[in-house]
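Just so you know, we're using my numbering here: the sequence shown kicks off at 243 and counts up by one.
Ideal Cβ positions, reconstructed from N, Cα and C, are used throughout, including at glycine.
Worksheet: the structure to be examined is printed underneath.
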Amino acid sequence: MATISLSRRLRRTPFSDGVEAAGVKGFTVYNRMLLPTVFDSVEADYRHLKTAVQVWDVSCERQVELRGPDAGRLMQMLTPRDLRGMLAGQCYYIPIVDETGGMLNDPVAVKLAEDRWWISIADSDLLLWVKGIANGYRLDVLVDEPDVSPLAVQGPKADDLMARVFGDRVRDIRFFKFDMFSFQGRDMAVARSGYSKQGGFEIYVEGGDIGMPLWNALFEAGEDLDVRAGCPNLIERIESGLLSYGNDMTDDNTPHECGLGRFCNTHTAIGCVGRDALLRVAKEGPVQQIRAIEIDGDAVPPCDRIWPCYADGRRVGQVTSAAWSPDFQANVAIGMIRLSHWDAGARIEVETPEGIRSATVRDSFWA
Ligand code: THG
């Protein structure tokens with residue numbers, strides 16, 4: 243296949259030199275920034291992630307910073323998740339919806355202080371939407387993209403590696419909470435979170451200049467732990483049911499269709515821009531929803547477009563992510579399936595580029 247040409251529009255990251263030195267074999271583009279997709283092979287990366295520890299350059303999870311007296315009010319305008327109980331030091335996974343209730347992003351919100359928040363965004367231009375609302379409502383808040391680049395440390399040995407660089411206090415960080423730590427005299431927020439279910443942390447690195455010193459310190463400290471450069475792993479994230487905005491869902495989908503109803507408190511999320519629309523659609527209930535799907539047969543090809551799903555010759559949904567799982571010896575997949583066929587055990591046909599495959603709708607993800 244041809245390659246993607248690099249230019250200034252496609253941003254490098256503070257860790258790109260380290261990623262290249264580690265032998266990265268593939269990138270994707272995410273928020274107009276490079277995101278590694280494979281180092282050794284997707285299957286070898288998967289096995290290593292599940293047994294050791296990896297350092298991931300996830301700088302492309304850009305931060306939208308809200309700063310000022312109206313920061314909290316603006317945050318609540320963006321999401322149907324009730325943020326009133328959220329304290330500084332907490333992270334929340336939040337759906338962000340437009341005026342029709344359509345998903346605009348599914349970021350992690352980071353509350354630094356009452357008047358200072360980060361929105362750690364998935365792949366859509368959320369900064370423009372947030373600036374538009376802030377200005378349209380004449381809110382007293384500054385909205386920008388700071389020089390902050392998340393570096394994830396993921397895998398069963400993540401606690402041990404992180405303790406060597408930041409001290410044993412990292413072990414006390416609870417899931418989706420963060421605390422401040424110092425590295426070479428620089429303060430950074432360290433959260434227990436990340437785009438895998440293997441455990442680990444995300445370091446919000448402020449100032450690109452400290453990026454490579456931190457990268458190098460992690461690799462020096464973790465030599466005997468077999469620390470390697472890694473990246474969000476397609477197989478692991480499907481097994482874990484971690485959704486990918488732009489792949490598994492778009493602005494055509496409500497949070498309820500995406501299975502994110504548990505992160506909505508639409509009745510009490512007063513001020514949310516999409517509140518009225520969501521209250522209307524939530525009353526009817528969704529007619530399609532994200533499901534785990536197991537596709538029969540040997541390894542499927544890469545899923546780089548919608549794979550339509552049928553039952554009795556009628557369209558019943560689509561598969562949007564799929565991969566062969568070595569641990570489950572099956573093709574694991576994520577799809578959007580209509581109500582008539584979304585119950586566990588439903589048999590459907592998936593139209594892959596290599597032909598029709600039988601598949602089964604499951605009641606939960608694998609991990
Ligand atoms: N970390 C940070 N920023 C991010 C991501 C991340 N921005 C882009 C993208 N990932 C946003 N999407 C997700 C999707 C899933 C999760 C986090 C961000 C996630 N979900 C867990 C789950 O669904 O089980 C936990 C949710 C919860 O219980 O609150 O972690 O990964 N900084």
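Annotation for D367 indicates a beta carbon at 7 Å or more from all heavy atoms of ligand 1. Around the beta carbon of R251, a 10 Å sphere encloses fewer than 16 other beta carbons of the protein chains shown; the residue is thus reported as exposed. Taking C-alpha positions only, K373 is separated from G539 by approximately 48 Å. By the criterion of a C-beta distance shorter than 8 Å, M422 is surrounded in its chain by D429, M430, A431, V432, once the five residues flanking it on both sides are discounted. Beta-bridge pairing by DSSP links I445 to L393, V432.
Of the residues F257, D287, Y272, the one whose Cα lies closest to the Cα of Q440 is D287. Of R413, D299, P595, the smallest CA-CA separation from P256 is found for D299.
Contact check for I338 and L329: beta-carbon distance about 20 Å, past the 8 Å limit, so the pair fails to qualify. Scanning the stretch 443 to 529 from its first residue to its last, the whole alpha helix (DSSP H) runs of 4-plus residues come out as 453 to 463, 476 to 481, 517 to 526. Judged by their CB atoms, A565 and G397 are not nearer to each other than the 8 Å cut-off. Beyond the five residues adjoining it in sequence on each side, W360 comes within less than 6 Å, by CB distance, of Q305, E307, V352 in the same chain, given in chain order.
Non-local beta-carbon contacts of L484 in its own chain, meaning distances under 7 Å to residues more than five positions away in sequence, involve Y437 in chain order. Annotated three-state conformation of G344 is coil, per DSSP. Cα atoms of A459 and F425: separation of roughly 10 Å, rounded to the nearest angstrom. Neighbourhood of ligand 1, defined by CB distance below 6 Å to any of its heavy atoms: E303, Y335, D348, P349, V350, S362, I363, A364, P392, F418, S435, G436, Y437, E444, L484, L485, in chain order. Comparing C-alpha distances from D410 to each of F417, D402, R416 shows the shortest one belongs to D402.
When DSSP states are grouped into helix, strand and coil, K292 belongs to the helix group. When DSSP states are grouped into helix, strand and coil, N377 belongs to the helix group. In terms of Cβ geometry, P322 and N507 form a close pair [threshold 8 Å].
Between the stretch 526 to 541 and the stretch 567 to 587 there are three or more inter-stretch CB-CB distances shorter than 8 Å, so the stretches are counted as touching.
Contact annotation: V603 and H583 have beta-carbon atoms nearer than 8 Å. A distance of 8 Å or more separates the beta carbons of K267 and E478. Excluding its 5 nearest sequence neighbours in each direction, D357 has C-beta neighbours in its own chain below 8 Å: R309, G310, P311, A313, G314, listed in chain order.
Burial state of A263 is exposed, judged by a 10 Å Cβ sphere holding fewer than 16 other Cβ atoms. Put simply, the backbone Cα of L456 is about 22 Å away from that of L354. C-alpha of T245 to C-alpha of H509: approximately 48 Å in a straight line. When DSSP states are grouped into helix, strand and coil, L354 belongs to the strand group.
In the three-state scheme derived from DSSP, where H, G and I count as helix and E and B as strand, A609 is classed as coil. For the set P568, A405, R504, the Cα lying nearest the Cα of L467 is the one of A405. Secondary structure note for A575: it is in no alpha helix (DSSP H), and the uninterrupted beta strand (DSSP E) holding it is 572 to 580. Per DSSP, the beta-bridge partners of G268 are V280. In the structure shown, L308 falls within a strand segment according to DSSP collapsed to helix, strand and coil.
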